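Undergrad: Structure in structure tokens, see below.
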Amino acid sequence: MRYTDGVKMTSPPESPEPPALRPAERVERLLGSPQQGEMPFAIVMGQEMTELPKDLYIPPQALEVILEAFEGPLDLLLYLIRRQNLDILDIGVAEITSQYMQYVELMDAMQFELAAEYLLMAAMLAEIKSRMLLPRSSEIEEDEEDPRANLIRRLQEYERFKQAAEEIDALPRVERDTWVAKVEPPDLKRDRPLPDLDMRELLVALGEVLRRADMYESHQIQRESLSTRERMSDVLEVLRSSKFVPFVSLFKAEEGRLGVVVTFLAIMELIKESLVEVVQTEGFGPIHVKARVD
Amino acid sequence: MGETGLVQILEGALMAAGEALSLQRLSQLFDEFDRPDNADLREALEEVGRRCEGRGYELVHVAGGYRFQVRQSLSTWVGRLWQERPPRYSRALLETLSLIAYRQPITRGDIEEIRGVAVSTNIIKTLQERDWVRIVGHRDVPGRPAMYATTRQFLDYFNLKSLEDLPPLAEIKDLDNLSGDLPLELPGEADEPAVPEAPGVPSELSVHAQPATGTADEEPRFAQDSVSAD
Amino acid sequence: MGETGLVQILEGALMAAGEALSLQRLSQLFDEFDRPDNADLREALEEVGRRCEGRGYELVHVAGGYRFQVRQSLSTWVGRLWQERPPRYSRALLETLSLIAYRQPITRGDIEEIRGVAVSTNIIKTLQERDWVRIVGHRDVPGRPAMYATTRQFLDYFNLKSLEDLPPLAEIKDLDNLSGDLPLELPGEADEPAVPEAPGVPSELSVHAQPATGTADEEPRFAQDSVSAD
Numbered sequence: 019m020r021y022t023d024g025v026k027m028t029s030p031p032e033s034p035e036p037p038a039l040r041p042a043e044r045v046e047r048l049l050g051s052p053q054q055g056e057m058p059f060a061i062v063m064g065q066e067m068t069e070l071p072k073d074l075y076i077p078p079q080a081l082e083v084i085l086e087a088f089e090g091p092l093d094l095l096l097y098l099i100r101r102q103n104l105d106i107l108d109i110g111v112a113e114i115t116s117q118y119m120q121y122v123e124l125m126d127a128m129q130f131e132l133a134a135e136y137l138l139m140a141a142m143l144a145e146i147k148s149r150m151l152l153p154r155s156s157e158i159e160e161d162e163e164d165p166r167a168n169l170i171r172r173l174q175e176y177e178r179f180k181q182a183a184e185e186i187d188a189l190p191r192v193e194r195d196t197w198v199a200k201v202e203p204p205d206l207k208r209d210r211p212l213p214d215l216d217m218r219e220l221l222v223a224l225g226e227v228l229r230r231a232d233m234y235e236s237h238q239i240q241r242e243s244l245s246t247r248e249r250m251s252d253v254l255e256v257l258r259s260s261k262f263v264p265f266v267s268l269f270k271a272e273e274g275r276l277g278v279v280v281t282f283l284a285i286m287e288l289i290k291e292s293l294v295e296v297v298q299t300e301g302f303g304p305i306h307v308k309a310r311v312d
Numbered sequence: 025m026g027e028t029g030l031v032q033i034l035e036g037a038l039m040a041a042g043e044a045l046s047l048q049r050l051s052q053l054f055d056e057f058d059r060p061d062n063a064d065l066r067e068a069l070e071e072v073g074r075r076c077e078g079r080g081y082e083l084v085h086v087a088g089g090y091r092f093q094v095r096q097s098l099s100t101w102v103g104r105l106w107q108e109r110p111p112r113y114s115r116a117l118l119e120t121l122s123l124i125a126y127r128q129p130i131t132r133g134d135i136e137e138i139r140g141v142a143v144s145t146n147i148i149k150t151l152q153e154r155d156w157v158r159i160v161g162h163r164d165v166p167g168r169p170a171m172y173a174t175t176r177q178f179l180d181y182f183n184l185k186s187l188e189d190l191p192p193l194a195e196i197k198d199l200d201n202l203s204g205d206l207p208l209e210l211p212g213e214a215d216e217p218a219v220p221e222a223p224g225v226p227s228e229l230s231v232h233a234q235p236a237t238g239t240a241d242e243e244p245r246f247a248q249d250s251v252s253a254d
Numbered sequence: 025m026g027e028t029g030l031v032q033i034l035e036g037a038l039m040a041a042g043e044a045l046s047l048q049r050l051s052q053l054f055d056e057f058d059r060p061d062n063a064d065l066r067e068a069l070e071e072v073g074r075r076c077e078g079r080g081y082e083l084v085h086v087a088g089g090y091r092f093q094v095r096q097s098l099s100t101w102v103g104r105l106w107q108e109r110p111p112r113y114s115r116a117l118l119e120t121l122s123l124i125a126y127r128q129p130i131t132r133g134d135i136e137e138i139r140g141v142a143v144s145t146n147i148i149k150t151l152q153e154r155d156w157v158r159i160v161g162h163r164d165v166p167g168r169p170a171m172y173a174t175t176r177q178f179l180d181y182f183n184l185k186s187l188e189d190l191p192p193l194a195e196i197k198d199l200d201n202l203s204g205d206l207p208l209e210l211p212g213e214a215d216e217p218a219v220p221e222a223p224g225v226p227s228e229l230s231v232h233a234q235p236a237t238g239t240a241d242e243e244p245r246f247a248q249d250s251v252s253a254d
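Residue numbers (our numbering), protein chains in the order written: chain L, 19 to 312; chain R, 25 to 254; chain S, 25 to 254.
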């Protein structure tokens, strides 16, 4: 197989492997093709035999292969029908039945554990055959369905999916007929996204923890003015870097009276919680504030 | 030519992705403030497809979105990159898969009835492991059997945009003119509806409308598989 | 231009390989009788490289051989293909943060006392790394524990001008209404509600020893408490 340079090939090269043998072909290879003989050489169960039942000369080791080749009784029947180039609608039940039975008996004789479905089908075939051999009374005939109809429907239904399976198998397929591009990405600056948080989630969590705390009574969250607590943090932040800070420097005139009060309350709270230290070296001298630890 | 235009960004992303990218995922490559709309994206993708002309790959549109893939005509050579041969699937598996694909949602019992044999647990397991098939519910009958359907990954793997792209099922022939070794043939027989409950094609089509099929695509009416203009 | 020429075969193989391909490996894509020699390959590869001009990717020659690579200039966009979804904060972290917000300055011990369980170091670290919480001092008690407060960034994140804008505590008392509106799935939530009302909980159990709160198991699982796994 050659690639061509610059010339478009009209027919793309097929798979390098030989196409898989269809099961029927595999069986034909094992059994040899059936050949029509001229004269019936025997009559078996009322059926003229015009050919040697070649199926009977299967080497034992081949049997497994044959059985594997069929996907069940419907598949085997389809094979028997197609082998004779018969339309499903034209099947002669008697003939198909006898051929089918040959297979089944053979499998049985080889002590191959025969799937129950094969025997069930054998029984069904025998029943159809017997019904067809019965003389039909003309009164019943009109509303009596051809005994083969159900079987034929099943065969047809199975065959379309058997065919669909072959067509699906032939569809261009990833890993066999084509491959999806997988090219090296560039260096990625992958920043891990941070979780998003909704304020309501935070509140639900707080509510939950408070409810739990309430339950045990030992921990009451006081409802304090948040502005005071915030200012406590701010004051601590100021005190963090330096040692002593003039008390007055913690107040900002532009915050007005309320701001001064809040800051004062915050410092008082900090003192109460022993978080800050306040010193005044002499009476009416400047007051200094320092965080208790640095 | 600019190297950070919309077309180049799409080319880069599709090359690197290793899987099909939907319009939605492609649009998410962009910040909100300069996110192209779907019309822009489609137009750019068409250009991306055109630019594959004469290349060893093409842009295709499958169920999962758009992807670059190796042209099938090159599979002989490209396939040699890998030591292992691509997995082969048994007929039993493929028949089971096709029943699920065409008849979904379907139970294991339904499959066994049509195939005439038991479906091995391994087959179902393999199909699920490959992400081709998933359980979409349970039928409300005794035993509550699981109902199976195919996935978007199944469509992607087989280069399909939707279940409608599956090869059409063969029609069922009428049983009206049964012949053969039936001893008698009476005129009354022809009036009988031969296949009373014959599923026929229309009921097959209804399968495609199943919401569970994973084909709900952002643009079910995209006409061609291949975007490239070759 | 033909689609099964040497250039196309190389393009297809390089695109699908997912790794760099040496000249030797490239030559093995061909049957012996029509195997190109290295000079042919190099020439064809040059053509492959030229054909990337203006595309979102380029052909690069690295130690292992040749490979296509998405252009560096596109990393902003292409990188988003693999962007992780933002993780969620644990319930323990949220409780800790809310206590710091409403009770600042507060020590870890205070938090543990209220919550009834130990606070993992990772939670505090995560909050500090996020710049939502900082140490504003140390309490002058044995061990000199750090006191935590929220930051300007915390207020900014929630669009608050000051802590006063935080919803008043009274508002969250009506928890059921609040969480009813929220599609929140908080970790551990399912286990928790039954506990506080549980009549069988012996009252003499100290809060610290309370194993039944559903959060008691959080301490050993640092990885879960913390947001980032790094």
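By construction, the Cβ of each residue, glycine as well, lies at the ideal position given by its N, Cα and C atoms. Model, not experiment: these values are computed from the prediction.
Check the C-beta distance from I106 (chain L) over to I114 (chain L) and give it rounded, since I have them as a contact under 8 Å.
TA: Going by Cβ atoms, the distance from I106 (chain L) to I114 (chain L) rounds to 10 Å, so no, they are not a contact pair.
Undergrad: Since L169 (chain L) meets chain R, which of its residues come closer than 7 Å, beta carbon to beta carbon?
TA: In chain order: nothing, as chain R lies at least about 11 Å away.
Undergrad: Is there a C-beta anywhere in chain S that falls below 8 Å from the one on Q52 (chain R)?
TA: yes
Undergrad: Could you tell me whether any Cβ in chain S is nearer than 8 Å to the Cβ of M217 (chain L)?
TA: Yes, because at least one Cβ of chain S sits closer than 8 Å to the Cβ of M217 (chain L).
Undergrad: Compute the distance between the beta-carbons of L220 (chain L) and S99 (chain S), then report whether it is under 8 Å.
TA: Cβ distance not < 8 Å, so L220 (chain L) and S99 (chain S) don't count as in contact.
Undergrad: Going along the chain, which residues of its own chain have a beta-carbon closer than 7 Å to the beta-carbon of V278 (chain L), five neighbours each way excluded?
TA: F269
Undergrad: Using three-state DSSP, classify L38 (chain R) as helix, strand or coil.
TA: helix
Undergrad: Tell me which residues of the stretch 102-113 of chain R have at least one Cβ-Cβ distance to chain S shorter than 7 Å, keeping chain order.
TA: V102, R104, L105
Undergrad: Going by CA-CA distance only, name the one from L:T196, L:D214, L:M250 that's closest to G80 (chain R).
TA: L:T196
Undergrad: Quick check: is the beta carbon of S245 (chain L) nearer than 8 Å to any beta carbon in chain S?
TA: At least one chain S Cβ lies under 8 Å of S245 (chain L).
Undergrad: D316 (chain L) versus chain S: which residues are under 7 Å apart at the beta carbon?
TA: In the structure displayed, chain L extends from 19 to 312; residue 316 (chain L) sits before or after that span and is not available.
Undergrad: How many angstroms separate the CA atom of Q120 (chain L) from the CA atom of L92 (chain L)?
TA: 15 Å
Undergrad: What residues of chain C sit near R191 (chain L), judged by a beta carbon separation below 8 Å?
TA: As a matter of chain content, chain C is missing from the structure shown, whose protein chains are L, R and S.
Undergrad: Can we count R210 (chain L) as close to the ligand ATP, meaning its CB is less than 7 Å from some heavy atom?
TA: Although the ligand ATP was asked about, the structure shown includes no ligands whatsoever.
Undergrad: For R139 (chain R), return the contacting residues in chain L, with the cut-off set at a CB-CB distance below 9 Å.
TA: E89, G90, L92, D93, Y176, F179, K180
Undergrad: Is the shortest distance between the beta-carbon of E273 (chain L) and the beta-carbons of chain S less than 8 Å?
TA: For E273 (chain L), the answer is no, since every Cβ of chain S falls outside 8 Å of its Cβ.
Undergrad: Specify, as a first and last residue, the run of the beta strand (DSSP E) that Q298 (chain L) falls within.
TA: Taken as a continuous stretch (DSSP letters only), the beta strand (DSSP E) holding Q298 (chain L) covers 294-298.
Undergrad: Closest by CA to W101 (chain R), which one among S:E56, S:E70, S:L118, S:T175?
TA: S:E56
Undergrad: What residue from S:H85, S:S97, S:A170 has the CA that sits closest to V157 (chain S)'s CA?
TA: S:A170
Undergrad: Note the first and the last residue of the continuous alpha helix (DSSP H) segment covering D75 (chain R).
TA: According to the sequence as given, residue 75 (chain R) is Arg; it is not Asp. R75 (chain R) -> no alpha helix (DSSP H), and no H or E assigned at all.
Undergrad: Applying the 10 Å Cβ sphere with the 16-neighbour rule, what's the burial state of H85 (chain S)?
TA: By the C-beta density criterion, H85 (chain S) is exposed, having fewer than 16 other C-beta atoms within 10 angstroms.
Undergrad: Skipping 5 residues on each side, what residues in its chain have a beta carbon closer than 6 Å to that of A125 (chain S)?
TA: T174
Undergrad: How do the stretch 163-180 of chain L and the stretch 61-80 of chain S stand: do at least 3 beta-carbon pairs fall below 8 Å, yes or no?
TA: no
Undergrad: If I measure Cβ to Cβ from L257 (chain L) and keep anything under 8 Å in the same chain, skipping five residues before and after, which residues do I get?
TA: V263, V294, V307, K308, A309
Undergrad: So which residues of chain R does L283 (chain L) contact, with C-beta pairs closer than 7 Å?
TA: The contacting residues do not exist; L283 (chain L) stays about 45 Å from chain R at best.
Undergrad: Grouping DSSP H, G and I as helix and E and B as strand, with all else coil, what is Q93 (chain R)?
TA: The answer is strand: DSSP assigns Q93 (chain R) an E or B state.
Undergrad: Identify which residue in L:G303, L:D214, L:A271, L:L206 has its Cα closest to the Cα of P110 (chain S).
TA: Nearest neighbour of P110 (chain S) by Cα position, chosen from L:G303, L:D214, L:A271, L:L206, turns out to be L:D214.
Undergrad: By DSSP, does F302 (chain L) sit in helix, in strand, or in coil?
TA: F302 (chain L) falls in the coil class under three-state DSSP.
Undergrad: Since L83 (chain S) is in the beta strand (DSSP E), which residue starts that stretch and which ends it?
TA: 81-86
Undergrad: Hey, does E145 (chain L) have any beta-carbon neighbour from chain R nearer than 8 Å?
TA: No, its Cβ sits nowhere closer than 8 Å to a Cβ of chain R.
Undergrad: Distance check for Q152 (chain S) and P192 (chain S), CA to CA, integer angstroms please.
TA: 24 Å
Undergrad: Quick check on the burial criterion: 16 or more other C-beta atoms within 10 angstroms. Buried or exposed for R168 (chain S)?
TA: By the neighbour-count criterion, in which 16 or more other beta carbons inside 10 Å mark a residue as buried, R168 (chain S) falls on the exposed side.
Undergrad: Who are the neighbours of E35 (chain S) on chain R, taking C-beta pairs under 8 Å?
TA: R79, G80, Y81
Undergrad: Let me know the secondary structure DSSP gives V247 (chain L) once reduced to three states.
TA: The sequence shown places Arg at residue 247 (chain L), not Val. It is helical.
Undergrad: For a contact meaning CB atoms closer than 7 Å, what does P203 (chain L) contact in chain R?
TA: A40
Undergrad: May I ask you to report which of helix, strand or coil DSSP gives T120 (chain R)?
TA: Three-state DSSP puts T120 (chain R) in a helix.
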